[in-house]
Amino acid sequence: MMAMNNCARFIILTLSAMWLNVFFVSAGFATTSNFPLENIKFTQDQASLQRGAKIYYDVCRLCHSLKYIKYKVLQEIGFTKEQVDLLRGDIPISASLSKTSSDKMLNSQYGQVPPDLSLMAKARKHGPQYIYTLLTTYSEKEGVYENAVFPGIKMPDALNVANAIDESLKQEIKSKAKDVTEFLLWSSDPRAAVRKTIGTYVVIYFLILSVMLYFIMKRVWSRLDKEK
Amino acid sequence: MKHVISWVDKRFPLTEFVKKELTEYPTPRNLSFWWNFGSLAGIVLVLQIITGIFLAMHYSPVASLAFDSVEHIMREVNYGWLIRFMHSTGASAFFLMIFIHMARTLYYGSYRAPRELMWWTGQGLLLLLMATAFMGYLLPWGQMSYWGAQVITSLFGAVPFLGDELVIWLRGDFTVGNATLTRFFSLHYLIPFIIVGAVVIHLVALHSVRSSNPSGINLADKNNIPFHPYFTIKDIFGVSVFFAVYSYFVFFQPNLLIEADNYIPANPMQTPAHIVPEWYFLPFYAILRAIPDLVGGVIAMGVSVMIFAAMPYLDRSKIPGGARYRPFYRVMFYLFMIDVLILGYVGAHPPEGFLVILGQGATFFYFGSFALLPFLSKWEEAWLRKKGLPAEVEALLASEQVQQLDRRHSREDRRKNSTETSGDDGNE
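From first to last, the protein sequence lines are chains A and B.
Residue 24 in the numbering used here sits at position 24 of the first sequence, and the numbers go up by one each step.
Residue 1216 in the numbering used here sits at position 216 of the second sequence, and the numbers go up by one each step.
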């Protein structure tokens, strides 16, 4: 499948339409705070998605809901029915993933209700890179937390980046941040993988069809030369 | 089958219609691929209507449900993501096809007599398309949808005396809200069918004056070939290439032209940092902002869209072939295209520093090129004639005269025949 994908990409790359894409992607990679985002690639592999889902479940879910993701949908990233049942307890399988704290409590603590994360990876420019960089750029100065991407952020340092001095611990946190970002990227567009698979076939189909139609066209038009 | 057709033919001019408009419809044989974009725009219109009807089956035009229902389509409806992305990408594709179609008309001077009505019905279609696209953009009820509608509807406040009342009347409320969403949905469903009607008028006009062609004159009969099969296969080939490119964007880059902010549900209490319209409105939006005064800006924006209608009168040159045989017009055409791209760039960015001046300069050039055209085209023609027209152009002009004569004769013949027959009737 992967080879197929690369092959299609290569053909598509040659399409002149690509300039548009290149133009848009290269046009600026900075957020409002102008802090450069880390340009890491996301692979959407199942192991990483599952680890990310667990981190969301243990950490983020305290304050952030994921209202467009239902428990049953988690099976699409490779969780078995039993694993999902274990996660949900007595919550119905068709229920959405909701946060565990109440709005009232969050409101009194942070002054606002933390946003739903279902679409976060699409709702920011360069969403996944934004989320990853935000999670990994917390710092602490005399007990006050600050974030490089989002100055004045209310969200606490969820992955404990600020106090990680040890290099191996830092790496571990970074890989955690990547996993949870992978999961949020999937949540924002769970049909992306299917879309790309189908898309490869559709684009190849039309390219072949175009070539065939080109020759049919040539043949039909050649009748005009015979007449003369 | 034969019997069925002859049964129909006695009651409806089916065979005659197919013959006249398709299998024997004379089309200039020298049409380039630039003449494919009209039929492509037609295909996209059909595509938009079909995907739109299916989207409407699952969408809720209610402020509290609209955003969720789009996500429902994206995640739970079978292939809902495909229908939705085809529709959102299709909107951009529609404008791209129309803009290329218009640019071709401008380059080859296809708007000139006798095709003024084609150009004006096309202008009407552009306005209807813009209205439809603008209303459709509100429906996902994201931040950019909401604030875009807020900004654009507020522009109607520039109308003297009635402005404020008009804005409330359009929105159905003091701000954009549920009432606005439901009426926009209703109109977004209605206008496409008006567009279909207008396209029919556009095509009837086309089949009466026939296609223009790169030479800029009406070709002699021997240089016209039947539409079918030559141009049916050429259009089908064009459609297939279009679908290859379109599918790439639908399946691999569907979010490329959707603002990130539109994945945040509409929030009347929080204005996004930059409110940007969709790419196809950017040049006109830049013109709106280039004029420091609101009323002036709104007028300038309106005129910038409508001024194309004046082209048949602004262009005074009688040299055939549009930009092909007209060096100055050609330079002007390309400069105008670059100017529109600059305006688009300016429209996409916040108006700060140099961009303000750039936007004003580009706006000045935009209107300046229309203002200059009557003088430039006259002067250019005089200069070309003085210099001596290329043999190619002389040949074209001569052939055109011959044909006009031919046509006049045949028309007179027909008139004579008809008066004779009517005379016969009178005798009986």
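Built from N, CA and C at the ideal position, the CB exists for glycine as well.
Chain-ordered neighbours of residue i on chain B, where CB pairs are closer than 7 Å
i, result
"tryptophan 221 of chain A", "Tyr1230"
"proline 190 of chain A", "Arg1075"
"tyrosine 68 of chain A", "Glu1071 and Arg1075"
"isoleucine 216 of chain A", "Ile1233"
"glycine 143 of chain A", "What glycine 143 of chain A touches in chain B: nothing, since even the nearest Cβ is about 30 Å away."
Host alpha helix (DSSP H) of residue i (start-end)
i, result
"serine 1240 of chain B", "1227 to 1252"
"tyrosine 68 of chain A", "Tyrosine 68 of chain A -> not in any alpha helix (DSSP H); beta strand (DSSP E) instead, spanning 66 to 70."
"glutamine 1123 of chain B", "1116 to 1138"
"isoleucine 55 of chain A", "46 to 58"
"methionine 1097 of chain B", "1080 to 1108"
"arginine 1183 of chain B", "1178 to 1209"
"alanine 177 of chain A", "167 to 188"
"isoleucine 1005 of chain B", "1002 to 1011"
"serine 1069 of chain B", "1066 to 1075"
"aspartate 157 of chain A", "No alpha helix (DSSP H) contains aspartate 157 of chain A, which DSSP labels as neither H nor E."
"alanine 1174 of chain B", "Here the sequence assigns phenylalanine to residue 1174 of chain B, which means alanine is not the residue at that position. It is not in any alpha helix (DSSP H) - phenylalanine 1174 of chain B carries neither H nor E in the DSSP assignment."
"phenylalanine 1033 of chain B", "First-last for phenylalanine 1033 of chain B: undefined, no H or E at that position."
"leucine 1014 of chain B", "1014 to 1018"
Under 8 Å by beta carbon: chain A residues contacting residue i
i, result
"valine 1070 of chain B", "The premise fails here: valine 1070 of chain B is roughly 11 Å from chain A at the closest Cβ pair, so nothing lies under 8 Å."
Where the beta strand (DSSP E) through residue i begins and ends
i, result
"threonine 1027 of chain B", "1026 to 1028"
"serine 139 of chain A", "138 to 141"
"valine 275 of chain A", "In this structure chain A extends from 1 to 228, so residue 275 of chain A is not present and cannot be described."
Interface residues of chain A facing residue i [CB-CB closer than 7 Å]
i, result
"tyrosine 1263 of chain B", "Leu119, Lys122 and Ala123"
"tryptophan 1081 of chain B", "Arg191 and Arg195"
"valine 1236 of chain B", "Correcting the residue type first, residue 1236 of chain B is isoleucine in the shown sequence and not valine. Residues of chain A passing the Cβ test: Leu213."
Residue i beta carbon near the ligand HEM (any heavy atom closer than 7 Å)
i, result
"glutamate 1400 of chain B", "The ligand HEM is absent from the structure shown, which contains no ligand whatsoever."
Residue(s) in a DSSP beta bridge with residue i
i, result
"asparagine 1224 of chain B", "B/Pro1028"
"glycine 1157 of chain B", "The partner list for glycine 1157 of chain B (beta bridge, DSSP) is empty, contrary to what the question assumes."
"glycine 1142 of chain B", "B/Pro1265"
Listed by chain order, chain B residues near residue i by CB distance under 9 Å
i, result
"methionine 105 of chain A", "Under the 9 Å cutoff, chain B gives no residues; its nearest Cβ is about 22 Å from methionine 105 of chain A."
"glycine 111 of chain A", "Result: empty, since nearest Cβ-Cβ is about 14 Å, beyond 9 Å."
"glycine 127 of chain A", "Ala1260 and Tyr1263"
Within chain B, the residues that residue i reaches when beta carbons sit closer than 8 Å
i, result
"glycine 78 of chain A", "By Cβ distance, chain B contributes nothing, its closest Cβ being about 18 Å from glycine 78 of chain A, past 8 Å."
"leucine 224 of chain A", "Arg1029, Ile1225 and Tyr1230"
Closer than 8 Å to chain D by CB, residue i
i, result
"phenylalanine 1231 of chain B", "Among the protein chains of the structure shown, namely A and B, there is no chain D."
Exercise for review: Output the residue ranges of the alpha helix (DSSP H) runs that lie fully inside the stretch 77 to 133 of chain A and measure 4 residues or longer, sorted by chain position.
Suggested key: 81 to 88, 103 to 110 and 120 to 123
Exercise for review: Anything in the stretch 1239 to 1257 of chain B with a Cβ closer than 8 Å to a Cβ of chain A? List those residues in chain order, please.
Suggested key: Ser1240, Val1241, Phe1243, Ala1244, Val1245, Ser1247, Tyr1248, Phe1249, Val1250, Phe1251, Phe1252, Gln1253, Pro1254, Asn1255 and Leu1256
Exercise for review: Counting only runs of 4+ residues fully inside the stretch 1273 to 1316 of chain B, write out the alpha helix (DSSP H) ranges in chain order.
Suggested key: 1282 to 1290, 1294 to 1306 and 1311 to 1314
Review point. What residues in the stretch 189 to 210 of chain A have a beta carbon less than 7 Å from any beta carbon of chain B?
Key: Pro190, Arg191, Arg195, Lys196, Ile198, Gly199, Val202, Val203, Phe206, Leu207, Leu209 and Ser210
Check your understanding: Which runs of the alpha helix (DSSP H), 4 residues or longer, sit entirely within the stretch 1037 to 1063 of chain B?
Key -> 1037 to 1056
Review point. Can you give, in chain order, each stretch of the beta strand (DSSP E) that sits fully within the stretch 1348 to 1420 of chain B and has at least 3 residues?
Key: none
Practice item. Give, in chain order, every residue of the stretch 178 to 189 of chain A whose Cβ lies closer than 9 Å to some Cβ of chain B. Key: Ser188 and Asp189
**Study point:** Residues within the stretch 147 to 162 of chain A neighbouring chain B, beta-carbon criterion of under 8 Å
**Key:** none
Review point. Listed from N- to C-terminal order along the chain, which residues in the stretch 1089 to 1113 of chain B have their beta-carbon within a distance smaller than 7 Å of any beta-carbon of chain A?
Key: none
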